[in-house]
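4 protein chains.
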Amino acid sequence: MKAFVMKEIGRVGFMDKPVPRPGPLDAVVRTTTALICTSDSHTVKGGIGPRENLTLGHEAVGVVHETGAEVKGFRPGDRVLVGAITPDWGDLASQNGYPSQSGGPLGGFKFANIKDGVFAEYFHVNEADANLAKIPDEVPDEMAVYCADMLSTGFMGAEHGDIPIGGTVAVLAQGPVGLMATAGARLRGAGRIIGIESVPSRQKLARLYGADEIVDFTTEDVVERVLDLTDGQGVDTAIEALGADATFQTAIKITKPGGTVSNTGYYGEGEFVRIPRVAWGVGMADKTIRTGLCPGGRLRMERLLRVLAAKRLDPTPMTTHTFPFDEMERAFEVSDKKLEDVVKVLIRF
Amino acid sequence: MKAFVMKEIGRVGFMDKPVPRPGPLDAVVRTTTALICTSDSHTVKGGIGPRENLTLGHEAVGVVHETGAEVKGFRPGDRVLVGAITPDWGDLASQNGYPSQSGGPLGGFKFANIKDGVFAEYFHVNEADANLAKIPDEVPDEMAVYCADMLSTGFMGAEHGDIPIGGTVAVLAQGPVGLMATAGARLRGAGRIIGIESVPSRQKLARLYGADEIVDFTTEDVVERVLDLTDGQGVDTAIEALGADATFQTAIKITKPGGTVSNTGYYGEGEFVRIPRVAWGVGMADKTIRTGLCPGGRLRMERLLRVLAAKRLDPTPMTTHTFPFDEMERAFEVSDKKLEDVVKVLIRF
Amino acid sequence: MKAFVMKEIGRVGFMDKPVPRPGPLDAVVRTTTALICTSDSHTVKGGIGPRENLTLGHEAVGVVHETGAEVKGFRPGDRVLVGAITPDWGDLASQNGYPSQSGGPLGGFKFANIKDGVFAEYFHVNEADANLAKIPDEVPDEMAVYCADMLSTGFMGAEHGDIPIGGTVAVLAQGPVGLMATAGARLRGAGRIIGIESVPSRQKLARLYGADEIVDFTTEDVVERVLDLTDGQGVDTAIEALGADATFQTAIKITKPGGTVSNTGYYGEGEFVRIPRVAWGVGMADKTIRTGLCPGGRLRMERLLRVLAAKRLDPTPMTTHTFPFDEMERAFEVSDKKLEDVVKVLIRF
Amino acid sequence: MKAFVMKEIGRVGFMDKPVPRPGPLDAVVRTTTALICTSDSHTVKGGIGPRENLTLGHEAVGVVHETGAEVKGFRPGDRVLVGAITPDWGDLASQNGYPSQSGGPLGGFKFANIKDGVFAEYFHVNEADANLAKIPDEVPDEMAVYCADMLSTGFMGAEHGDIPIGGTVAVLAQGPVGLMATAGARLRGAGRIIGIESVPSRQKLARLYGADEIVDFTTEDVVERVLDLTDGQGVDTAIEALGADATFQTAIKITKPGGTVSNTGYYGEGEFVRIPRVAWGVGMADKTIRTGLCPGGRLRMERLLRVLAAKRLDPTPMTTHTFPFDEMERAFEVSDKKLEDVVKVLIRF
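Pasting the structure below:
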């Protein structure tokens, strides 16, 4: 089968690979639709170390092709979604409530990391009964595929933020995860959502997904403006959706005492991420810092699909580009180099 | 001043009372708009025991008339909302996180219970800085007044239900509190909301506020239907919004193991409310039962007002009737006897 | 191998059965020590319906005899503990945080329910990597075996009770689960623990495990006395450890507004368990009712073993009787008929 | 009356001040016993900015001298404890669950910060009904005084750490707050407590209060040793009880994915407190960072006193020095310069 791989650090391309076979608890899925993620670019640049001929991609939907002998809930032909994170559900970290950390820190992140990813005609899914979800008829593939990572990660940002109904929220950066954090804050009942973003097309999407106010960090002092919008108190919840030391610091500064900084960003650089000491209340202001990795699993995916089926949210306006799998090289370039105001690139198989 | 009172059990009417005066921490508010609640009917029927010439009503907005010497955040002329529940914030129960229980069980419930209520030209508010909230210009009185009890109680039903994004929820009865519990479930991101209701006009409002499915208990088996709508699992959260033993039992039955029954109803009759033993998993199915009393206080009211200001919700379609204060007797009758498909009766002063 | 079984409702005895074989994820354990539980008596009386030649018992430790091909963390010869509840860790209920409910209500309860139990020379364990735990050298078998159910269930009562440091707790009935709930309340830092019990030998054990006060329901009014001991407020947490309608009602009555009734009892009789309406604050006093089933799994067992290894608690004073497996019939009779002030009967293999 | 004050940055001494008078909700307490805190030294060094003739001290017990007209629960002659933090209970932050932040970040910290402290013959207490607690007869002053800050802050460290029964905990530094965090971890049921400390007398106290293992950072690699003691996984909870960038970094490193770093330390230096990026799982390892300020209030104090009354803990072994108030200058020097293996200095009035 055809697979789009990272040949080595800095180099991508197609290659032929055998169709994978499932172990007793596993499934193999024929890919129908996928999305490219900025993490794919991080990986290719060496963010998780060197890899050789590793199939890229972790956001996909498809049709079950083959199942292992012990799989009970799925059969060939089922239209399915798989989360970007596919935990080992019996692991100690899963028993502790953190399946994304099963098998070690970030250990639930298997696709395009410790095994081949989903940018191929077929891909392998561990613990199929626990990690696949059937897609309801009323949810098309190009919508469902957003659940794998974008909805799950963005919503996690809102969920970890412990937003009260009517609470105030700032979302720092309105890339696709930030946009879904914005949508997530709205889904949790936030009363005022402040989107921090400078790119006009993303500002527009932020408003669509629930931002009541937009702050452009290139023309305004974010801290001053957010305090102003919150009667000088700061927000209940600040969601970091970029993964930069400066943004993280801003998040601490604009969060009220007793509030939460919820992180979704991946920090790729530097030895430290820095907490501004005084704004953090010298370690005594009851400002909590939460982090996490995209929740996976069948239950999570079923719930996200239900949000789409009930028409609470439509993620497809984020699809700025669509390519057939054959044009993956161009598709990857558009996403990687952030060409043409790209938000998300969708691939059809 | 003119006040609409419960003269004794079973008898209401107008009477003249002096305008109240504030203690050092208190305020007196000139009433502009109020709502009649079914609790007012319970009270008149003797639900909380005998009362003599007690002013009725606990849902109102108005304009600050006079403040005590120690009040810092409000001054005469401020347009304000006061929660139906006005806690003593220093009480042990408040320190424990349950201000509605300050001063004893249900002790935060003062209006038309242990002191005169709001169906008068002026009313008194204890701890004004902690219990009043300024109403934003963009929120009209007839909208803001719904925050006092309907939004606060209904949303509490959803909040106590610990609804996950994409979770399944049933709301049992779609009176005004049930409708706001439905809206609350939607605000928390529920993926499927099932409204249980038989009255067509209330079914219609339920759909408006977020119900995805309506189950009519007069024509369908509720338990069977809800299990059917949830792949046989039951809902994550069942919100009881009626206050009847039978409905409570149904709520237990339709909740999945690990789910929550969240109560908003007032149980006015019988020695017991009964848990069906087997459906409750013989006490071992991890089905949690939460209860509570309308949260009050400035922070709560500010957050609810923010939901309205952000146009996340419009409660005014629940106003089926409007009367001037002069016609309070007729207004009360409409609400009390549930005439003309009444949902809520609004009073203008 | 020899197994002690329920032949039919009301009749127990020995029989010969083949040694079980593990599936790919499973293990077979050679039993060394077991405990008899009152649930075994419930089962024999028909509490979970008819069973034929079902091996009884769910509390045991032993030595790994054989492992399936996919088991990674255990090998023959390992001294191991297995929880009474052995969840399916990939199940939707497990993903939802309620592994004891995996596979349906109370579905994690497999031993002596949906498969043979542990009163046999060998027993089978599903998902061995996730459900077994190695026993540290410093913890002897006769101590470790208490983790399987007694510590796990009793501590759950305390944990679900959400006890604050210095909080007040009542534990209703001081059987072995109640005693471990008492110990659990102490382990969570309760400031005053009130044990409700009439049997002198159990009162004495209750004091040993942390009860500061004992209330004898045969000679005192429990509600009056507990209110007296808590300045009229009621306890933060009442733990029901009997499983009787009357005790449950008392638990509601002695819990303060904002407090929690935490249930560990199994309710075996009647159509309903009844909530006293007025003491429950007519459904509005913020009194929460939690229930649950003994948590299982490797992580739980490792944590419980750590409590024993650190000498925070010694459960062995509860062992009032010890028998060899050969004398199982007499042993069962002592436990079943509550002879000779029995608390727990330990079986050596 | 005589008061021990900070005359200006770097200079302390006695001076005469008038006995304070209570406002309507307040009380004035005659001091009987107090403790010196390292925060007093921070303050004198300018840690909270310049102050002129500010009475120092925030840990004290005494006897009620005078009460305001509205005070209901206390009268002259009552033996009372007051928390170091005395919140405004009606404030928005208190309503939000964070009373220590009432009136602004760290705003509950009034003594020796925004008003005179307790190192005087009399001191003033705001909102007396909500901030005082009566001391039970069985708890002597020299024991009760530890509740004001040491128990409340140290236990908060354990409580914020969300320690499961049987969980693993490390407490970084065994000064008086660290020792009480150690005791708090034991009170929450931790299964293995690792105390990080190099001073032999403090190591000894750490063992007394519940440390199962001691790690001496001057002779061992803390990260390596803690991982070793936890099967390579790291602890469930790391409690920072020093307030240093290096210790904070260690806390992040030794905490497992899904674990919590709970801060009690005051960070007095530097622009930043730094998170080690990779050990933090690049922002995705579900490691939560909690902070807080000593909880105050009557309920908290009553609960802490109950722990002492029940003899769960004896804090008096931490009293290494006792002085009469007349010798306050020498007492302060011993505490400030950490002379003679000092842990806590107690002052008798």
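As they're listed, the protein sequences go chains Z, Y, V and E.
Read left to right, the first sequence gives residues 1 to 349 (the UniProt record's numbering).
Read left to right, the second sequence gives residues 1 to 349 (the UniProt record's numbering).
Read left to right, the third sequence gives residues 1 to 349 (the UniProt record's numbering).
Read left to right, the fourth sequence gives residues 1 to 349 (the UniProt record's numbering).
The beta-carbon is built from N, C-alpha and C at its ideal position, and this holds for glycine as well.
Which same chain residues end up closer than 6 Å to residue i when comparing Cβ atoms and leaving out the 5 residues on each side of it in sequence?
i        : result
Y:Gln174 : Gly195, Glu197, Arg202, Ala206
Y:Tyr209 : Leu179, Thr182, Ala183
Z:Gly49  : none
V:Arg192 : Thr168, Asp212
Since residue i contacts residue j with CB under 8 Å, what's their CB separation in whole angstroms?
i        : j        : result
V:Glu59  : V:Asp149 : 5 Å
Y:Glu121 : Y:Lys7   : That belief does not hold up - the Cβ atoms of Y:Glu121 and Y:Lys7 are roughly 18 Å apart, past 8 Å.
Z:Leu106 : Z:Val71  : Not confirmed; about 26 Å, so no contact.
Do residue j and residue i count as a contact pair if the criterion is CB distance below 8 Å?
i        : j        : result
V:Gly13  : V:Met301 : no
Z:Gly117 : Z:Phe109 : no
Y:Arg188 : Y:Ile163 : yes
Z:Val223 : Z:Thr250 : yes
V:Arg298 : V:Ala133 : yes
E:Ile165 : V:Glu159 : yes
E:Ser100 : E:Gly292 : yes
V:His321 : V:Val334 : yes
Y:Val125 : Y:Val29  : yes
E:Ala238 : E:Ala170 : yes
E:Ser41  : E:Asp341 : no
V:Lys119 : V:Gly57  : Per the sequence presented here, residue 119 of chain V reads as Phe, with Lys not at that position. Yes. Within cutoff.
Z:Asp236 : Z:Gly270 : no
E:Arg88  : E:Gly103 : Inspection of the sequence shows that residue 88 of chain E is occupied by Asp rather than by Arg. Contact: yes.
V:Pro136 : V:Ala309 : yes
E:Thr86  : E:Val5   : no
Ordered along the chain, which non-local residues of its own chain (more than five positions away) have a Cβ less than 7 Å from that of residue i?
i        : result
V:Leu304 : Cys147, Leu151, Ser152
Z:Ile252 : Val261, Ile275, Pro276, Ala279, Trp280, Lys287
E:Pro257 : Gly281, Ala285, Asp286, Lys287
E:Thr32  : Val61, Gly62, Val63, Asp141, Phe349
Z:Gly47  : Gly268
Z:Met156 : Thr264, Gly292, Cys294, Pro295
E:Pro22  : Val28, Glu66, Thr67, Gly68, His124
Can you name the start and end residues of the alpha helix (DSSP H) that residue i belongs to?
i        : result
E:Arg300 : 298 to 309
Z:Val334 : 328 to 336
Z:Ile114 : Counting along the chain, Z:Ile114 falls outside any alpha helix (DSSP H), and DSSP gives it neither H nor E.
Y:Ala244 : Y:Ala244 -> no alpha helix (DSSP H), and no H or E assigned at all.
Z:Asp40  : 38 to 44
For residue i, collect the residues of the same chain with a Cβ closer than 8 Å to its Cβ; drop the 5 residues on either side in sequence, then sort them by chain order.
i        : result
Z:Val145 : Thr33, Ala34, Leu35, Glu59, Ala60, Val61, Leu81, Leu346
V:Met318 : Tyr146, Met150, Pro176, Leu179, Leu205, Val343, Lys344
Z:Leu227 : Gln233, Gly234, Ile254
How far does the beta strand (DSSP E) with residue i in it extend, from its first residue to its last?
i        : result
Z:Thr319 : 319 to 324
Y:Thr288 : 288 to 290
V:Gly259 : 255 to 263
Z:Arg21  : Z:Arg21 -> no beta strand (DSSP E), and no H or E assigned at all.
Z:Glu8   : 2 to 8
V:Leu346 : 344 to 348
Y:Phe272 : 272 to 276
query = What are the uninterrupted segments assigned as alpha helix (DSSP H) that are 4 or more residues long and contained completely in the stretch 57 to 102 of chain E, given in chain order?
reply = Listed in chain order, they are 92 to 95.
request  = Go through the stretch 179 to 242 of chain V residue by residue and report every complete run of the beta strand (DSSP E) that reaches 3 residues or more, in order.
outcome  = Runs of the beta strand (DSSP E) spanning 3 or more residues and lying entirely within the stretch 179 to 242 of chain V occur at 192 to 196, 213 to 215, 235 to 240, in chain order.
Beta strand (DSSP E) runs wholly inside the stretch 121 to 152 of chain E, at least 3 long, in chain order = Those beta strand (DSSP E) runs which fall completely within the stretch 121 to 152 of chain E and span 3+ residues are 122 to 125, 132 to 134.
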